[in-house]
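Below is one structure; the comments refer to it alone.
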Ligand code: LLP
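In full-length UniProt numbering, the protein residues as written are 3 to 419.
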């Protein structure tokens, strides 16, 4: 009666499937992804700029599920890796070494070697790491990650440029960089940056690119300039505007074309989006197990603990939340304030604080956390020896496919064998 046909906002997603059945079949909690939405986001990023030597690298830390990676590769994106593990998974997913860019941070010599031996280009992040690279790969090609002095992001923990972060080479060290490169006959093939994660206004990104271009002018053999990721999505559907991609792209084209005239040669232009590609194609489903009032405060207890979605706890992140009963959206007018929590043994295990939700919510209803595709599963853990959930894909044809099984008790014991 208080249920309506499933409809979330203005796009078609899990109204193509029965969430109750999915939970029944694959267990709760459960990550579900929509292939149509994933492909659409890939195309938006791949076609961000008209420039013919434009390349989009997907930053797989946002979501490294092998089946999603195959779709992203099929859409013509290349990829960024932060670790040998990510390089390994990318190679397994069919990416060529030349399509992978290793943007590490504080890496060991062994890790650099792993990338080099696999034919993967390495970005270095400090003068000492450039020395280390030169020692093991004399005469090799390298990319330099600079800190352009401008940062942006949804939380201070994810601002990765400016004067309060460990990332990048300070742009005042260009002479030192050149000396080290010369000492080891290194070819600086690229300069890269990443100013931070999630901007909905392109201004800081464009400022960062301007600084990076000024830095790039100091290197004569560049093959590419990588402007970084950080393209945001509106997690708050009612109040946040979508990032105006065409505006960002027009601005970028203008300054890049100007720069190339001065540089005298065309170079490849890259971006490294993670979140934008995968956030909106994912929903995290869970189950309401308990509703209670504790000293006047109403709590909705679910199985969506911070072991399955870390973002709210780590960054106070907001995700839209919906509830379902018997496969239908709960849409009651009578609403009240509750705090939605998980099943982890910590008071901070809060999925959504003081959220207005339907009053008639009951145990066994299903909770759906929207825009959970990025930094959701990839940040999952087995804390409290909880099993990481399964992941399923709603394919283009509407069929549902299991793309990673849920953990088992055997997985919890695997490291002891
Ligand atoms: N490139 C580099 C070098 C990065 O460090 C990152 C993200 C990206 C690209 C992709 O950024 P994106 O386009 O996804 O914003 N766990 C946090 C986000 C951490 C981002 C880390 N670096 C969250 O859940 O909001």
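Using N, Cα and C, we set each Cβ at its ideal position, and we do this for glycine too.
Just so it is clear, the structure is predicted and the values come from calculations on it, not from any experiment.
For residue 29, the three-state secondary structure derived from DSSP is coil.
The beta-bridge partner set that DSSP reports for residue 299 consists of 296.
The continuous alpha helix (DSSP H) containing residue 39 extends over residues 37-48. Contact between the stretch 325-343 and the stretch 30-40 is not established, with fewer than three Cβ pairs separated by less than 8 Å. Secondary structure note for residue 325: its beta strand (DSSP E) is the uninterrupted segment 323-327. Taking C-alpha positions only, residue 101 is separated from residue 116 by approximately 16 Å. Relative to the ligand LLP, the beta carbon of residue 321 is positioned no closer than 7 Å to any heavy atom.
If the five residues before and after residue 288 are omitted, its C-beta is found closer than 6 Å to the C-beta atoms of 30, 31, 304, 305, 306 and 369, all from its own chain and listed in chain order. Just so you know, the alpha carbons of residue 356 and residue 159 end up roughly 23 Å apart. Taking a contact to require three or more Cβ pairs closer than 8 Å, the stretch 117-124 and the stretch 139-152 qualify as touching. Between residue 58 and residue 376, the gap from beta carbon to beta carbon reaches 8 Å or more. Taking each of 352, 293 and 190 in turn and checking the Cα distance to residue 226, the smallest one comes out for 190. DSSP places residue 393 within a strand segment (E or B) once states are collapsed to three. Closer than 7 Å to some heavy atom of the ligand LLP: that does not describe the Cβ of residue 114.
Under the three-state reduction of DSSP, residue 125 is assigned to strand. Shortest gap from the CB of residue 64 to any heavy atom of the ligand LLP: under 7 Å.
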